[in-house]
Structures are given as C-alpha cells and as structure tokens.
Amino acid sequence: MTFDPQTVKPNSRLDEAKRAEITAEQAYVSTLYERLDAERELADRRLTEALRSSGGPPQAAAEREAATATYSDRLAQLKSVEQGLCFGRLDFADGDGPDDESTMYIGRVGLFDESDDYRPLLIDWRAPAARPFYLATAASPEGIRRRRHIRSLSRRVVGIDDEVLDLGADEHTDHLGLAGEAALLSALERRRTGEMSDIVSTIQAEQDRIIRADMNGVLVVQGGPGTGKTAVALHRAAYLLYTYRRQLTTRGVLVVGPNSTFLRYIGQVLPSLGETGVLLSTIGELFPGLAAAGLDTPEVAEIKGRIGMADVLAQAVRDRQIVPETVLEVPVEGGEVLTLDRRTCERARAKARETLRPHNVARRVFVDRLLDALADQSVRRLESSVLDDLPEVPLADDEVDSGPMLDARDFATIRQELAEDAAVQAALQSLWPKLTPQELLSDLLTDAERLASAARGVLTEEEWRSLLRRPGALWTPADVPLLDELAELLGEDDTEARARRERQRREERAYAEGVLHVLEQDDEIIDEEIVRVRDVLDAELLAERQEARSDLTAAQRAALDRSWTFGHVIVDEAQELSEMDWRLLMRRCPSRSMTLVGDVSQTGSAAGTSSWDRVLRPYVGDRWRLRELTVNYRTPAEIMDLASAVLAELDAGLSAPKSVRESGVRPWRRSSSPEALAADVRRWVDEELEALTAERGGGTLAVLCPESLEGGLAAELAKTQATAGVDDTGDNPRVSVLTVSRSKGLEFDAVIVVDPEGIASGSQRGLNDVYVALTRATQRLGIVHTGTPMPALSGEQSASSAAG
C-alpha cells in the first residue's frame with residue numbers, strides 16, 4: 001500500500017483515511033524533531049561550557065578535553081541527521097514488541113524521552129532492535145504485523161509505504177525476497193545526482209547480513225554492478241562505529257576509494273548516517289604531505305604495483321650503504337687529514353646491518369663506529385706528535401710507564417669535535433646518507449645506473465628503463481606505495497628531535513620558574529595565612545598548562561600520520577589494488593580487521609587482480625570470509641542483458657547479478673565516423689537530455705569514452721554542459737565526459753558509451769572496462785560505434801537506432 005498526498009484524488013473515503021495516517025505520522029515526526037532540537041541545544045550548551053572552563057589540576061584538564069571531544073562529536077552527529085530523521089515504523093503483533101510496546105520507530109539516530117525513564121522515541125537503525133525492519137518477510141515476519149516506510153521532505157511527511165506481513169506467505173513473498181518493494185523501487189527511480197544517497201531505509205536482507213557481520217578478520221564482499229556494494233560498505237562503517245565504538249573511537253576507520261571523484265560522490269553518506277569520524281582517502285592520499293597529481297601509463301603503473309618492487313627498493317637502500325674502494329681521506333679542521341680504510345668501513349657497515357634496524361636508525365651504529373675510529377686515529381697522532389717533541393728521557397729503575405697521555409674525557413672531547421666537523425659529516429653522509437623516501441625514490445627513478453643496479457634480477461632492462469623519468473616530475477598514485485615501503489625501510493632517527501623537545505621542555509620549565517618567582521614577590525606583602533602560589537601551582541604544572549593541545553579527531557590525526565594504524569579498514573573497488581597497494585594497506589591495519597568490497601569481473605587496472613585468494617593469501621592465508629551480493633538494484637534488466645553478453649565474452653564462468661526491475665527503455669546503438677563523431681555525440685547527448693527531462697524532469701548523463709577521445713569530446717560538449725547546468729545538489733554538472741576508470745563506482749541516469757571497441761583495445765583488461773561502462777546507467781543507455789562492433793555488441797539495431 002503506497003500513499004502520496006501529491007497524487008490523491010479528492011472526495012475519496014480511502015484517501016481521507018490515508019490523509020489521517022499521514023497526519024498522525026506527521027505529529028509523531030514533529031515530536032521527534034522537537035526532541036532533536038532539544039538534544040542539539042543541550043549538546044551545544046555543554047560544549048560551550050567545556051570550552052569556557054579553565055584551570056584545575058591535570059585530571060580536570062583531561063576531563064575537559066574529553067568532554068569537548070564528546071560534545072563536539074555529538075553535536076556534529078545531531079546536525080547530520082536533519083534529512084530523513086525517521087524513515088520507518090514497525091507494528092508488532094500483540095505482546096511481541098520490546099518492553100511490551102506495540103509500535104517502534106526507526107531512524108538515523110537514537111532519541112529518548114528523558115522525562116519518561118528514557119523511553120525510546122526513535123531507534124537507531126544500527127541497533128539490534130531495528131534488524132526486523134530489514135529482515136522481516138511475510139514468510140518469516142519475526143513478530144512484525146506491519147512495516148511502514150515513511151518518506152519525508154525536510155521535516156514534512158510526504159508519503160508512506162505499508163507492508164502487512166502476518167498474512168499468507170504465498171501472497172506476499174516475491175521471487176527476489178525483497179523487503180519494502182514499494183519503497184525500494186521508489187528509491188531506485190529517484191533521479192541521480194553527483195552525490196551518493198544512502199540506502200538506510202531500503203536495506204535488503206542480503207545487504208543487512210553483510211553490514212552487521214562481525215568486525216574481526218577479513219570480510220570480502222563480492223558483487224556485480226548495481227548490487228549496492230559501495231552503499232553496503234559505507235553503512236557497514238556506520239554500523240561498526242556504532243557497535244564497536246569503544247574499540248574504534250581512538251583508532252578510527254579508514255575508507256579507501258578508487259579516485260577523488262568517487263570520494264566526493266560518497267562524501268555525504270556517512271554524515272547522513274550519523275557518523276563523522278571516518279577518514280575517506282584514495283591510495284594516492286595515504287602519504288601525508290604529498291600530492292600525487294601525476295599520471296603513469298598503465299604499463300608503468302602495473303610495474304610499480306608488482307610485489308617485486310619491494311625487492312628493488314630494498315636493494316636501492318642497500319646500494320646507498322657504501323664503503324670506499326681503498327681509503328677515504330677526511331681533511332678536518334686544523335689541517336689534519338684523517339683516513340677511513342675499506343676494512344674499517346666494512347666492519348662498521350656489517351655491524352649496523354646486523355641490528356636489522358631501518359636504514360636511518362642503523363646509521364647511528366655505523367656513524368658511531370667510524371667516529372670512534374677517527375677519534376682513536378686523531379688521539380694516536382696527537383700523542384705521537386707530543387712524544388716526538390719531548391726529549392727522550394729513560395725511565396729510572398723504580399719508575400713505571402704512566403700509559404696514554406690522554407684520558408677518556410679527552411677522547412670524548414676529540415670525538416665530539418670530529419662529530420661536529422663539516423668534513424667528517426660530509427664523509428659519513430657520502431658513505432651512509434640520511435635519506436627521506438622522496439629523496440631516495442626521486443634519485444632512483446631519475447638515475448639509470450642506480451635503477452639498473454637495484455632492479456637487477458627483478459625487472460628486465462625494458463621494464464626498468466620504462467620507469468625512468470625526468471627530475472622534478474610529479475608524484476603519481478602508483479608512487480605512494482613505493483614511498484610508504486621506503487619509509488619503512490629507511491625509518492626515522494629521532495634522536496635529535498627528542499633532544500630538541502627535551503631542551504624546549506627545560507626552557508619552558510625555566511620560564512615557568514621565573515613566572516612563579518615574580519608571583520612570589522607579590523606574595524610577600526600578603527598575610528602568611530593566605531594560600532600562596534607555590535601551594536597550588538608548581539613550575540611543572542604551569543609549564544604543562546602552556547602546552548598546545550590538539551583538538552583534532554582521530555580521523556584528522558590519522559590523515560597527518562603515515563604510521564597511524566586503524567581499527568578497521570574498508571576498501572571499495574578493492575579488485576583494482578596492486579600488490580604494493582595491499583602491502584601499504586596491511587601496514588595500516590595490523591589487526592587485519594577489514595571489509596573488502598569489489599567485483600573481479602570489473603577489474604580495469606592492469607595491476608589489479610582476478611583472484612581474492614591470490615592477493616590475500618600472503619597476509620591472512622585462507623582465513624578470510626566471502627559474502628556475495630546477487631541482486632542488481634541499479635541497472636535495469638534491459639541494460640543488464642546487454643552487459644551480460646560482454647561478461648560472457650570476458651569469462652563464460654562469470655554470472656551477472658539479477659536485475660530487480662525493468663525500465664521499459666531498451667539500449668540504442670548507433671554508428672559514426674571518426675570525423676563526425678564529436679558532432680554526432682553532441683546531438684545524441686541533446687536528445688538524451690530531452691528524453692530525461694520528459695520522462696523524469698531532469699537527471700544526469702555521462703559520456704564514457706577511451707582516453708584518446710576524452711579531450712575532443714569534452715571540448716565539443718562544453719557548451720552543452722554549460723547549458724545543462726548542475727544537478728539537484730547544485731554542485732555537480734548534469735553532463736560529464738569521463739574515461740571508464742574515472743567513472744568507477746559512479747552512476748548516472750543516462751550513459752552514452754562511445755567507441756566500446758576503443759575502450760576494449762585500450763588496456764589489458766579492456767573487456768572489463770566495457771562491462772563497467774555499460775553498467776553505470778540507471779535508466780537509459782546508448783552505444784556509439786566508430787568501426788566494426790565487438791562480437792558481444794553486434795546484435796541488430798533497434799528501430800530507434802535506425803532512426804538515429
């Protein structure tokens with residue numbers, strides 16, 4: 001039963017009953033918003049009080065910081081659930097409801113009546129009590145008599161969809177087992193925008209089981225196009241943060257997407273679900289302070305993504321730990337020339353490598369050994385010089401040799417002077433340099449000799465030469481896992497940094513002592529019975545109060561810290577990750593608590609995978625779980641039939657997900673010459689925009705094409721894009737020109753795939769890319785050929801095609 005007040009006919013007794021239902025729901029929803037406003041006001045007031053409070057012992061300061069973080073998070077959560085606060089209601093059979101309640105409302109956040117012993121007014125969708133809303137069916141009602149989906153616009157209830165579940169199962173169970181079919185189909189028919197909408201009100205049973213799966217271990221979610229993989233991944237993040245808040249609050253959750261367009265597309269989903277503390281990132285953004293704005297060719301990206309690059313980088317580090325061929329002369333201050341021979345340096349290098357510490361940390365051992373050798377050499381020369389200048393006096397019979405002229409303190413002084421000598425520092429840097437990941441990788445990729453040495457036995461000459469680039473080239477996303485690997489191999493010697501922090505702490509304490517001394521002078525004129533400054537405040541506490549404290553969330557701190565480890569990692573389009581990408585992500589999550597979402601039949605990157613077992617076995621063996629999504633909620637059956645033919649050509653063993661709906665519009669195919677292509681595409685884009693306006697009042701359209709055509713088509717469609725304007729969000733263009741790789745994870749009302757044969761021939765996984773391109777549309781699909789159609793797309797053109 002579906003009711004929308006915008007479409008009812010007047011003077012209908014049934015309509016009057018439905019209006020009464022809407023009015024009743026509006027009254028309750030208005031009560032919920034009043035409670036929400038009160039909660040916001042309370043959180044805002046307490047946050048203001050926490051920010052204004054000051055003073056007190058260290059414990060009070062810590063409590064103040066905790067309160068500030070708590071109320072900031074709560075206020076952000078309450079502000080994020082304004083739209084669609086309440087979206088569902090469950091009516092229970094007699095006596096089956098929790099706490100003897102006959103009705104339960106489901107929404108984005110939990111709200112309670114404090115004046116009535118905290119009676120639940122609205123149940124958070126993630127709470128266990130809300131599960132029947134997603135799982136109950138007529139065959140298994142779980143005590144539910146009726147399930148109601150409530151649709152609202154801002155704070156106004158605009159429609160309801162009812163399902164009665166306690167009648168005969170044969171009459172009310174559909175072949176796909178979908179919960180809330182009317183609400184689901186309504187959501188599927190909604191116009192697409194440049195932002196992803198949540199599915200919290202229409203989650204289906206197979207999706208719910210994945211969302212609420214246990215957090216521990218690696219869960220792989222395999223699903224074809226339109227099965228809701230991304231939405232499931234994001235709702236799982238919200239569920240885990242709600243259920244395992246204690247474990248995840250301090251470590252946070254990392255969500256990794258394939259590109260920045262995708263992250264912008266999904267960026268508002270988690271806040272709308274009541275969560276604001278998740279870090280969204282691409283692989284290329286996981287090295288703090290570095291912008292990976294460059295682009296590699298697919299071939300170069302594939303080589304950089306191989307696991308063998310870890311061996312190349314390890315050898316590149318070892319190659320920087322050198323010893324002189326014979327003797328290295330070191331001219332020091334005062335005109336003396338000291339020497340470092342090969343044997344001494346080899347012994348120092350061996351000792352440093354035996355520590356198994358990272359390069360920059362082990363360097364301390366190497367440097368200490370050589371400074372000892374240089375200091376010993378300098379001491380011996382000094383003693384010899386002094387003895388040469390003294391007259392030779394034989395020892396008396398009762399005298400003994402007093403030993404070395406210089407003691408340990410003299411030796412330490414000379415050693416320190418050598419350590420500070422510029423020539424000595426330069427010599428040590430030449431033998432075992434202190435390096436940053438950026439310095440080493442830049443040197444490696446711009447120096448043929450260094451790269452040839454590091455890649456020997458791992459890459460062919462043709463492969464390593466393809467990695468060479470000009471100095472100053474932009475970093476690329478494929479460089480980030482290499483930089484992260486080097487950061488592990490190099491480490492960071494923070495001895496000097498710790499010393500600086502200790503000096504700063506001593507200076508701050510000395511300053512605090514001075515402040516207290518001034519205050520004590522004022523105390524001298526006060527009666528002795530009055531408490532003095534020193535009685536309540538010492539220098540250590542005063543200095544501590546002056547320290548800058550971080551108000552950053554866990555996600556914000558994680559974004560600034562390369563070594564941060566997360567409580568849980570969620571990866572969308574996980575099939576696209578290279579072996580080196582996986583290596584980086586496993587460092588970010590040593591607990592191996594991960595949710596990996598993808599579809600191996602859509603792998604487009606040459607560095608990606610066609611086997612989950614192959615990428616996971618090196619890290620977790622066979623200790624991972626597979627769950628599959630089998631229902632396509634996005635792509636109409638008419639489009640999926642065409643895409644299935646491409647999938648069969650790709651791999652006969654793969655099966656496409658079953659579409660839940662038909663659009664009534666069959667895909668069209670047309671042909672064009674290379675010379676007329678741009679103009680033809682512009683004309684067909686205009687026709688599709690007109691059709692979308694007529695059928696749906698608007699919508700988004702994407703032109704997906706090979707990279708070689710992107711620039712020309714974008715230029716041709718620039719005026720069309722300007723005229724079409726932006727989508728319903730006001731931020732994203734209604735018309736986009738994209739390569740397939742940039743369309744990953746996105747969806748549009750209409751899609752025109754230009755030159756699918758060029759897409760297929762453009763990469764090692766071209767058929768995968770064609771499959772992806774065909775399944776981005778939610779309503780309409782057009783295909784433009786510039787030559788002979790590929791076998792899977794060579795069917796006879798429809799009448800509409802011929803007319804075109």
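Position one of the sequence shown corresponds to residue 1 (full-length UniProt numbering), numbered consecutively onward.
Beta carbons are placed, not taken as given, at the ideal position from N, Cα and C, and that holds for glycine.
Rounded to whole angstroms, the gap between the alpha carbons of G608 and F287 is 21 Å. For a cut-off of 8 Å, the C-beta gap from L165 to A130 is around 16 Å, too long to register as a contact. With a 10 Å radius around the Cβ and a threshold of 16 neighbouring Cβ atoms, V703 comes out buried. By DSSP's assignment, H149 forms a beta bridge with G88, D161. It is roughly 16 Å from the alpha-carbon of V327 to the alpha-carbon of S378. Closest in C-alpha terms to L441, from the list A38, L486, D755, comes L486. Bounds of the alpha helix (DSSP H) holding M309 are 309-319. When only Cα atoms are considered, R780 and A448 end up about 51 Å apart. In the structure shown, Q83 falls within a coil segment according to DSSP collapsed to helix, strand and coil. Taken through DSSP and simplified to helix, strand or coil, T609 comes out as coil.
When DSSP reads this structure, S281 sits in a beta bridge with V256. For Q575, there is no enclosing alpha helix (DSSP H), since its DSSP letter is neither H nor E. Excluding residues up to 5 positions away in sequence, A702 lie with their Cβ nearer than 6 Å to the Cβ of S736 in the same chain.
The beta carbon of L490 lies closer than 8 Å to those of V317, P358, H359, N360, L435, T436, P437, L440 in the same chain, with the five residues before and after it left out. Its chain contains Y118, R119, P120, L121 as the residues whose beta carbon lies nearer than 7 Å to that of F112, once the 5 sequence neighbours on both sides are disregarded; these appear in chain order. Sequence-distant Cβ neighbours of K351 in its own chain, meaning closer than 7 Å and more than five residues away, are V365, R369.
DSSP links S736 through a beta bridge to A702. Following the DSSP letters along the chain, one finds S671 inside the beta strand (DSSP E) bounded by residues 668-671. In summary, I211 is buried, with 16 or more beta-carbon neighbours lying within 10 Å of its beta-carbon over all protein chains present. In this structure, the alpha-carbon of A722 lies about 12 Å from that of A715. If you look at D581, you'll find it isn't in any beta strand (DSSP E); it sits in the alpha helix (DSSP H) that goes 579-588. Residue D296 holds the alpha-carbon nearest to the alpha-carbon of L474 among S644, D572, D296, D319. For I123, the enclosing beta strand (DSSP E) covers residues 119-124.
For E325 and R343, the gap between their C-alpha atoms comes out near 10 Å. Just so you know, the alpha carbons of A24 and G159 end up roughly 12 Å apart. Taking D91 as the centre and dropping the five residues before and after it, the same chain places the C-beta of T103, R145, R146 closer than 6 Å to its C-beta, in chain order. Remark: C-beta atoms of S154 and Q83 approach each other more closely than 9 Å.
Secondary structure note for V424: its alpha helix (DSSP H) is the uninterrupted segment 422-431. Between the region 739-747 and the region 620-630 there are fewer than three C-beta pairs closer than 8 Å, too few to call the two in contact. In the structure shown, F287 adopts coil according to DSSP, grouped into three states.
It is roughly 32 Å from the alpha-carbon of E354 to the alpha-carbon of E461.
Residue range 748-754 is occupied by the beta strand (DSSP E) that includes A750. Contact between the region 239-250 and the region 673-688 is absent: fewer than 3 CB-CB pairs across the two stretches fall below 8 Å.
In the displayed model, S763 falls within coil according to three-state DSSP, outside both helix and strand. Linking E687 to G712 through their CA atoms gives a straight-line distance of about 20 Å.
Out of N216, G228, G217, the CA that lies nearest to the CA of D208 is found in G228.
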